[in-house]
Amino acid sequence: MSDASQGLRLYNTLTRTKEDFVPIDPRNVRMYVCGPTVYDFAHIGNARPVIVFDVLFRLLRHLHGETHVTYVRNITDVDDKINARALRDFGGEIASGALSLNEAIRRVTEKTADQFHRDVATLGCLEPTVEPRATEFVEPRADGKADMITLIQSLIGRGHAYVAAGEVLFDTASMPDYGQLSRRNLDEQQAGARIAVDAHKKNPGDFVLWKLSSPEEPGWQSPWGRGRPGWHIECSAMSAAYLGEVFDIHGGGLDLIFPHHENEIAQSRCAHGTSVMANVWMHNGFLQVEGQKMSKSLGNFYSIHELLETDTFGGRKWPGDVLRLAMLMTHYREPIDFSVRKLEEAENTLRKWKRAADLAPAAGSQLPVEVVEALSDDLATYAAFQQLTQLAGEATDFDGSGDNAAAVALKTALTFLGFDIGAIKVDDTVVAKAIAERLTLIAAKNWTEADRVRDELLAQGVQLKDGKDPVTGERVTTWEIKR
1429 MSDASQGLRL YNTLTRTKED FVPIDPRNVR MYVCGPTVYD FAHIGNARPV
1479 IVFDVLFRLL RHLHGETHVT YVRNITDVDD KINARALRDF GGEIASGALS
1529 LNEAIRRVTE KTADQFHRDV ATLGCLEPTV EPRATEFVEP RADGKADMIT
1579 LIQSLIGRGH AYVAAGEVLF DTASMPDYGQ LSRRNLDEQQ AGARIAVDAH
1629 KKNPGDFVLW KLSSPEEPGW QSPWGRGRPG WHIECSAMSA AYLGEVFDIH
1679 GGGLDLIFPH HENEIAQSRC AHGTSVMANV WMHNGFLQVE GQKMSKSLGN
1729 FYSIHELLET DTFGGRKWPG DVLRLAMLMT HYREPIDFSV RKLEEAENTL
1779 RKWKRAADLA PAAGSQLPVE VVEALSDDLA TYAAFQQLTQ LAGEATDFDG
1829 SGDNAAAVAL KTALTFLGFD IGAIKVDDTV VAKAIAERLT LIAAKNWTEA
1879 DRVRDELLAQ GVQLKDGKDP VTGERVTTWE IKR
């Protein structure tokens, strides 16, 4: 364990302050992050928390030891959106009896979960320690781990939930300090024009723990009839199953603070009788695309898969480590404007780093202290990247006497941060377009702009060579990777 573990400071949404991180058990640091609902391919907004908390996972393992950190990221595979997608994609087979709804749901969730795993691996993310699926934690388990039905029974028994109109609802009024995370007061959630209140609810803010399923919907047997769980109870069960009633860190996107995380806290605290669910709550900021909210209606809704495998964004595919750096160039708590310009900036920066790191034969065993210190200040990735740029400059200016320590340190840091330090990859289509642009500029005798295109390619590791076609005599340009 590194002595630097004492210097980790994290911003806690619950207290709205940056605090020294003191794990409950330094030999078992425990973190839970809300994972995807696998009804469709994960979009780029989903990628941000996966990348951010992957960096934190790496940092915690560095500070406390790889075997002393438990990272749980769930898969939500029971949800009304999943049911709707199964009916949309397999409605004919279901209607004919060739496929049951449960089988159709399984096909939807397996396909999307598999794609999610491929996508985030390409983004350089480590696998979590445990990745539970919600469907495996609905009913009481043979291994005795926490489950949703048992948690709901506990909430009813403790006077925090009630049965009404075929649903089990959490009674928000039974928890005096409900709303601490989002700073929402129950008095502000009164029935009115802005809040549709079902007649069977005691309070406007009461939320569903269990709801009945029709014969056409997936369901589990329970004391309240055949049904399925509400969204929030899933994470309460899965986090308790692997991390206990109280754990160190709970993470997710800013959009989850209310109602999801607020209601997780309510369920978990009231079911277990604890004062907290997690000691530290961390949330990454919102993501926009080219200055606008991401929306299918605006035509700017992109999946991770699309960015990696198609030319729908900026007319080209983007490498996973470029997407990763673009996400981390902005501090995780700040909003991010995801743009072609930002991706191009990330790509150019990575090329410079990789060319400098390639001057070292292998990564070292010691991370640069300055990089660890930057990340230990609430994941200040921008400050860490400034250190990488400085190391790249020192590595490039190395005079050749002895070992290139800066290149070794840079390669070590890049490996630690999850970046691919293999061979520099070049998109042939992008280079061809740049060469065509340069030839047009040369034909127009715009030498300044032609030189700019050449220099930009060189900065990316692409060296141009001009010549003449032996038959036509026309100017031709070839290129190669310059190390």
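Each residue of the sequence shown is one higher than the one before, counting from 1429 in the numbering used here.
No residue lacks a Cβ here, since even glycine has one placed at the ideal position from N, Cα and C.
This structure is a prediction, so every number in the text was calculated from the model and none was measured.
With the cut-off set at 7 Å, would you say residue i and residue j are in Cβ contact?
i	j	result
residue 1846	residue 1552	yes
residue 1609	residue 1677	no
residue 1823	residue 1812	no
residue 1485	residue 1499	yes
residue 1588	residue 1599	yes
residue 1792	residue 1840	yes
residue 1718	residue 1767	yes
residue 1505	residue 1562	yes
residue 1716	residue 1765	yes
residue 1820	residue 1770	no
residue 1460	residue 1667	yes
residue 1907	residue 1859	yes
residue 1577	residue 1567	yes
residue 1454	residue 1492	yes
residue 1654	residue 1642	no
residue 1849	residue 1785	yes
residue 1832	residue 1787	yes
residue 1905	residue 1894	yes
residue 1855	residue 1437	no
residue 1465	residue 1507	yes
residue 1503	residue 1541	yes
residue 1634	residue 1597	yes
residue 1488	residue 1457	yes
residue 1530	residue 1646	yes
residue 1702	residue 1673	yes
residue 1865	residue 1890	no
residue 1878	residue 1869	yes
Check the DSSP bridge columns for residue i and list the partner residues they point to.
i	result
residue 1710	1679
residue 1459	1499 and 1677
residue 1731	1471
residue 1891	1908
residue 1635	1598
residue 1591	1596
residue 1721	1716
residue 1875	Paired residue(s): none; residue 1875 is not in a bridge.
residue 1765	1716
residue 1437	1448 and 1805
residue 1655	1640 and 1648
residue 1744	1741
residue 1573	Paired residues: none, contrary to the question.
residue 1896	1903
residue 1558	1500
residue 1465	1504
Compute the Euclidean distance between the alpha carbons of residue i and residue j, then round it to the nearest angstrom.
i	j	result
residue 1903	residue 1897	6 Å
residue 1556	residue 1501	6 Å
residue 1912	residue 1590	In the structure displayed, the chain extends from 1429 to 1911; residue 1912 sits before or after that span and is not available.
residue 1754	residue 1483	14 Å
residue 1613	residue 1631	13 Å
residue 1660	residue 1750	34 Å
residue 1707	residue 1790	39 Å
residue 1782	residue 1683	35 Å
residue 1432	residue 1818	Low confidence applies here, because residue 1432 scores a pLDDT of 43, under 50, leaving its location unreliable and the question unanswered by this model.
residue 1639	residue 1778	49 Å
residue 1874	residue 1884	16 Å
residue 1652	residue 1593	11 Å
residue 1637	residue 1511	18 Å
residue 1743	residue 1758	24 Å
residue 1871	residue 1543	46 Å
residue 1569	residue 1705	22 Å
residue 1747	residue 1573	40 Å
residue 1522	residue 1745	37 Å
residue 1479	residue 1514	29 Å
residue 1619	residue 1435	Unreliable positioning characterises residue 1619 in this predicted model, as indicated by a pLDDT of 40, which lies under 50. The coordinate reading is nonetheless provided below. Between residue 1619 and residue 1435, the C-alpha separation is close to 47 Å.
residue 1564	residue 1441	30 Å
Contained beta strand (DSSP E) runs [length at least 3] in the region 1788-1854, N- to C-terminal order: List check, beta strand (DSSP E) in window: nothing returned.
Stretch-stretch touch, CB-based, cutoff 8 Å, three pairs: the region 1725-1732 with the region 1683-1697: The region 1725-1732 vs the region 1683-1697: no contact.
Cβ contact (3+ pairs, closer than 8 Å) linking the region 1736-1744 and the region 1702-1713: The region 1736-1744 is not in contact with the region 1702-1713.
Stretch pair the region 1442-1454 + the region 1508-1518: three plus CB contacts closer than 8 Å: Contact fails between the region 1442-1454 and the region 1508-1518, because fewer than three Cβ pairs, one in each stretch, are under 8 Å apart.
Segment contact flag, the region 1536-1552 with the region 1469-1481, C-beta cutoff 8 Å, min 3 pairs: Result yes; three or more Cβ-Cβ pairs closer than 8 Å.
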